[in-house]
Structures are given as C-alpha cells and as structure tokens.
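Chains as they are written, first to last, in the numbering used here: chain A, 634 to 775; chain B, 634 to 775.
Here a beta-carbon is modelled for each residue, glycine too, at the ideal position from N, C-alpha and C.
Inspection log for the structure reproduced underneath, given as structure tokens.
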DNA sequence: CCTTTATTATTAGACATCTAACTATATGGC
DNA sequence: GCCATATAGTTAGATGTCTAATAATAAAGG
C-alpha cells in the first residue's frame with residue numbers, strides 16, 4: 634500500500650487515449666473532432682435519433698456543452714437537428730448520410746484502441762481490472 | 634473479453650476524482666483552485682523551487698498552460714516567481730508562507746481520496762490494479 | 001566575434017467545458 | 001382557465017487547455 638496513484642494513472646491514461654483518438658481520426662481524414670463529438674456520433678450510429686438531453690446524459694456532459702458540440706457536428710454536416718412535433722421544446726439529433734459514413738472509421742479506431750490498451754493483458758486480467766475500476770467508479774459516487 | 638471499457642471507466646473516474654478534489658478544496662476554504670493548481674502546489678510543498686519548465690513536465694501540462702496556472706497562484710498569493718540570476722530566461726517558482734499553509738489541507742484531502750478510491754480493495758487488489766494500469770499507461774506511449 | 005540554432009517563457013487565438021441566467025413550452029393544482 | 005412549477009434548450013461569461021507565434025537569452029560553430 635505504498636503507491637496510491639490510481640487516480641494519477643487513470644488521468645494519464647485518459648489523456649493519452651484522447652490524444653490517440655484525435656490522432657487516429659485525423660489519420661482517417663476526420664478533422665476538428667474531439668472525443669466528445671466521437672461519443673455523440675457513436676451513440677447515433679445505430680440510426681436512432683436522440684434528444685439533446687439524452688445525448689448529454691449518454692456522454693456525461695452538460696446540456697450547454699452538448700449544444701456547442703452538436704452545433705459543430707451540424708456545421709460539419711454529420712448530424713441534423715429536428716424539432717419535435719409532440720413537444721416543441723424538444724430537439725432531436727440524427728445522423729446524416731455523411732455521419733453514417735463514419736462508421737467504418739470508428740470501428741477501426743475502436744479496434745486499434747482496444748489492441749493497444751489490452752495488449753499483453755490476459756482475459757482474466759482484463760476482466761479483473763474492469764471489475765475493480767467499476768468498483769472505484771462507484772465508490773466515487775459519494 | 635466482452636466489455637472493453639477501461640478507457641471509459643478511467644475517464645469517468647478521472648472526472649469524478651477531479652470534482653471531488655475541487656469540492657474538498659472548497660470545503661477547506663480553498664477556492665478557485667483546480668486539480669492542476671493542486672498538482673503544482675503539491676510538487677512545491679517540499680520547499681524546493683522549480684522552473685516553469687520543470688513544473689510543466691511534472692504536472693504533464695504545456696508551458697503556456699503552466700504560465701496561466703502559475704499567474705493565478707501568484708494572484709492568490711500561494712507562490713512567487715523569481716528570476717534566475719545565472720540564466721535570465723529562467724523563472725523559478727516558490728511557495729509563499731500562505732502556500733506552505735496549504736499542506737495540512739492537502740494531506741487531509743489526499744487521505745480522504747485514498748480512503749474512497751481504495752475502499753474495500755485489498756492490498757493485493759490495489760497493487761495489482763496499479764500494476765495493470767501502469768502497463769496500459771505504457772502501452773499508450775505509442 | 002558574429003551568426004545560427006536551441007531554449008525558456010509569454011502572448012495570442014481557439015475550443016471544450018462548466019455554471020448561471022434566460023427563453024420557451026409543458027404540466028399540475030386550485 | 002390561470003398561475004406556479006418543472007423541463008428543454010440556448011446564450012453569456014469564465015476558465016483550463018492546447019498549438020502557433022513571438023521575445024529574450026544562451027550556447028555553439030566557424
């Protein structure tokens with residue numbers, strides 16, 4: 634019990650993973666996209682449409698943040714906003730054709746990431762570490 | 634090998650830990666300080682003085698970022714900047730008395746954080762998870 | 001020496017993110 | 001039916017962070 638640096642490691646891993654994702658996206662010709670945009674797009678890749686609020690919850694960001702993120706994705710032509718008919722406060726977000734076209738790249742990047750992260754980890758180790766991280770994650774929900 | 638979400642967990646853990654740190658700092662009456670400021674201060678708590686560049690490396694941030702962070706810490710009166718005599722390009726940063734006074738709070742917060750993160754983890758589990766996270770962290774240094 | 005190259009730090013500009021405040025709409029109680 | 005309250009989304013303002021460019025100084029090579 635001498636080290637006590639799970640948080641520092643988690644932080645460094647998160648940042649390196651984010652940089653890797655951005656680098657890979659650029660390598661696939663996808664520019665100006667940060668991981669949060671990616672998270673949104675991944676959620677939309679099943680073809681469903683979601684409200685701004687739904688997306689905010691899914692990617693663990695606030696609504697104002699999602700407004701900005703989505704506006705950028707609209708500018709890039711990856712998604713469209715659709716006003717709800719039933720409740721005019723609500724805005725749905727849906728992938729465009731161009732957005733749907735990102736799927737192969739996203740799957741490749743995801744596989745590449747997993748190959749790096751889980752390199753030389755046995756299935757047992759992978760399972761164990763996810764279980765423990767899950768526990769720590771819950772512990773932090775004060 | 635079904636989950637594959639170490640990165641997502643690391644990301645959530647990092648963010649929750651950061652929020653917890655900020656909340657605890659405020660509870661100790663330390664306001665306007667984010668984890669990066671904390672990282673800098675923790676590094677200075679041994680009484681040594683470090684250059685801007687040193688600090689940037691220690692906290693894994695760029696030099697422009699550290700310039701901004703330090704300027705804020707100077708405004709708050711926690712640190713002072715001292716021009717080097719030997720090399721006039723170099724600026725040293727050192728804790729003030731007020732900065733030194735943060736030590737007890739920082740230690741308390743660190744202990745509280747460890748208590749939460751390592752709650753119901755055996756020593757063996759803690760050791761193992763840090764070893765595996767260390768491995769993943771290195772794997773990401775492409 | 002003097003010029004080129006390297007190094008330290010800052011400034012400028014961009015962006016994701018947050019909280020707080022605001023708008024607009026819906027819902028629920030009386 | 002109206003008014004209070006809740007909910008969805010945006011806008012405004014602040015801040016940490018980055019990259020690129022700049023300034024100032026040091027070191028190195030001819």
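Contact belief for residue i with residue j at Cβ below 8 Å, rounded distance in angstroms
| i | j | result |
| --- | --- | --- |
| residue 717(B) | residue 725(B) | 6 Å |
| residue 743(B) | residue 702(B) | About 19 Å; that fails the 8 Å criterion. |
| residue 646(A) | residue 747(B) | In fact, because the Cβ distance is near 19 Å, the residues do not count as touching under 8 Å. |
| residue 682(A) | residue 689(A) | Not quite, the Cβ-Cβ distance comes to about 15 Å (not below 8 Å), so this is no contact. |
| residue 640(A) | residue 650(B) | 5 Å |
Residue i and residue j closer than 8 Å at C-beta
| i | j | result |
| --- | --- | --- |
| residue 638(B) | residue 727(A) | no |
| residue 667(B) | residue 685(B) | no |
| residue 665(B) | residue 654(B) | no |
| residue 674(B) | residue 710(B) | no |
| residue 677(A) | residue 712(A) | yes |
| residue 749(A) | residue 773(B) | yes |
| residue 648(B) | residue 765(A) | no |
| residue 714(B) | residue 723(B) | no |
| residue 754(B) | residue 663(B) | no |
First through last residue of the alpha helix (DSSP H) which encompasses residue i
| i | result |
| --- | --- |
| residue 714(A) | Residue 714(A) -> not in any alpha helix (DSSP H); beta strand (DSSP E) instead, spanning 712–716. |
| residue 706(B) | 696–709 |
| residue 674(A) | 668–677 |
| residue 638(A) | Careful: residue 638(A) lies outside any alpha helix (DSSP H) and carries neither H nor E. |
| residue 738(A) | 736–750 |
Chain-ordered neighbours of residue i on chain A, where CB pairs are closer than 8 Å
| i | result |
| --- | --- |
| residue 650(B) | 640, 643, 644, 773 |
| residue 647(B) | 640, 643, 644, 647 |
Secondary structure of residue i, DSSP reduced to three states
| i | result |
| --- | --- |
| residue 684(A) | strand |
| residue 719(A) | coil |
| residue 647(B) | helix |
| residue 756(A) | helix |
| residue 767(A) | helix |
| residue 663(B) | coil |
| residue 653(B) | helix |
Span of the beta strand (DSSP E) around residue i
| i | result |
| --- | --- |
| residue 773(B) | Residue 773(B) -> no beta strand (DSSP E), and no H or E assigned at all. |
| residue 728(A) | 724–728 |
Neighbour list for residue i in chain B, Cβ cutoff strictly below 7 Å
| i | result |
| --- | --- |
| residue 769(A) | 646, 750 |
| residue 758(A) | 765 |
Proximal chain A residues relative to residue i, where beta-carbon distance stays under 7 Å
| i | result |
| --- | --- |
| residue 637(B) | 747 |
| residue 763(B) | 636, 638, 639, 642 |
Partners in chain B for residue i, counting only beta-carbon separations shorter than 9 Å
| i | result |
| --- | --- |
| residue 693(A) | 644, 645, 648 |
Per-residue contacts from residue i into chain A (C-beta, under 9 Å)
| i | result |
| --- | --- |
| residue 699(B) | Result: empty, since nearest Cβ-Cβ is about 16 Å, beyond 9 Å. |
Amino acids of chain B, ordered along the chain, whose beta-carbon sits closer than 8 Å to that of residue i
| i | result |
| --- | --- |
| residue 688(A) | Result: empty, since nearest Cβ-Cβ is about 16 Å, beyond 8 Å. |
| residue 754(A) | 765, 768, 769 |
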